[in-house]
Amino acid sequence: MATTNPLEWSDDDEGYENEQPFMWLEGDSLAPPCQSDYDIVQAIVDFAGVQPTDVVFDLGCGDGRICIGAARQHGCRAVGIEIEAPLIAKFEQSIAKYGLADLVSVLHADLMEADLSSATVIVTYLLPEALTLLAPKLEAALARGARIVSNTWGVPGLVPTARADVGQYQNVPLYLYSSS
Numbered sequence: 001m002a003t004t005n006p007l008e009w010s011d012d013d014e015g016y017e018n019e020q021p022f023m024w025l026e027g028d029s030l031a032p033p034c035q036s037d038y039d040i041v042q043a044i045v046d047f048a049g050v051q052p053t054d055v056v057f058d059l060g061c062g063d064g065r066i067c068i069g070a071a072r073q074h075g076c077r078a079v080g081i082e083i084e085a086p087l088i089a090k091f092e093q094s095i096a097k098y099g100l101a102d103l104v105s106v107l108h109a110d111l112m113e114a115d116l117s118s119a120t121v122i123v124t125y126l127l128p129e130a131l132t133l134l135a136p137k138l139e140a141a142l143a144r145g146a147r148i149v150s151n152t153w154g155v156p157g158l159v160p161t162a163r164a165d166v167g168q169y170q171n172v173p174l175y176l177y178s179s180s
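Under UniProt numbering, the residue at position 166 of the sequence shown is numbered 166, and the numbers go up by one with no gaps.
Shown next, in the form of structure tokens:
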């Protein structure tokens, strides 16, 4: 998969690790905090076919790197939805650092209650159980014409329109869902 306009990340971005350790217990959230490497972020943005007119939603956005990457590369609007306050704080720092407050926002919300109606692109990196719970919302988004990229796990009950294996060793599957 060729990248169209690769993003450059600062040394601060590359060196970022969670400043506060997270304790994750199965069943307490839809996925453990686990950010994607920057080459995977680039692959997701490319695979989704993000355009300046898109509104990208990242469900369980963590530190916001997909929203930041999409907005920086394409000038699109992006919304991250996250429940962990320390990750939201890091995301907000990145929004300020890159001067993206007019394009990028983060919602402190439960994904099951979040309104996805304005999304044209939805990105997920969630556990299969979470994708099962969210499937009705994702199906509704597809019916509206949104594109969905799921990192690592496919959405149960949906048939992907494309799949790409990305990453340094081509071992990270991405699944694209679209109505066209």
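Backbone N, C-alpha and C define an ideal beta-carbon position, used for all residues, glycine too.
Should residue i and residue j be called a contact, given that it needs their Cβ atoms to be closer than 8 Å?
i, j, result
"ILE68", "TYR38", "no"
"GLN93", "ARG65", "no"
"residue 195", "TYR177", "Any answer about residue 195 is impossible in this case: the structure gives the chain only from 1 up to 180."
"ALA78", "VAL104", "yes"
"ALA89", "ALA164", "no"
DSSP state of residue i, grouped into three classes?
i, result
"ALA164", "strand"
"PRO173", "strand"
"ALA140", "helix"
"THR124", "strand"
"LEU116", "coil"
"LEU107", "strand"
"LEU158", "coil"
"ALA101", "coil"
"GLN35", "coil"
Decide if residue i is buried, meaning its Cβ has at least 16 other Cβ atoms within 10 Å, or exposed.
i, result
"GLU82", "buried"
"VAL166", "buried"
"GLN170", "exposed"
"ASP110", "exposed"
"ARG72", "buried"
What residue range does the alpha helix (DSSP H) around residue i cover?
i, result
"VAL41", "38-48"
"LEU87", "85-97"
"CYS67", "65-74"
Might you give, ordered along the chain, the residues of its own chain that have their beta carbon closer than 7 Å to the beta carbon of residue i, omitting 5 neighbours on each side?
i, result
"CYS61", "CYS67, GLY80, ILE81, GLU82, PHE91, VAL106"
"VAL50", "VAL56, ALA70, HIS74, CYS76, VAL121"
"LYS137", "LEU116"
For residue i, collect the residues of the same chain with a Cβ closer than 8 Å to its Cβ; drop the 5 residues on either side in sequence, then sort them by chain order.
i, result
"PRO156", "PRO128, LEU131, THR132, ALA135"
"ALA119", "VAL55, VAL56, PHE57, VAL79, ALA141, ALA146"
Quick one: residues in its chain with C-beta nearer than 6 Å to the C-beta of residue i, no 5 flanking neighbours on either side, listed in chain order?
i, result
"ALA114", "ILE81"
"SER150", "THR124, TYR175"
"ILE95", "ALA101, VAL104"
"SER179", "LEU142, GLY145"
"ILE148", "ILE122, LEU138, TYR177"
May I ask which residues mark the beginning and end of the beta strand (DSSP E) holding residue i?
i, result
"GLU82", "77-82"
"ASP58", "55-59"
"SER150", "147-151"
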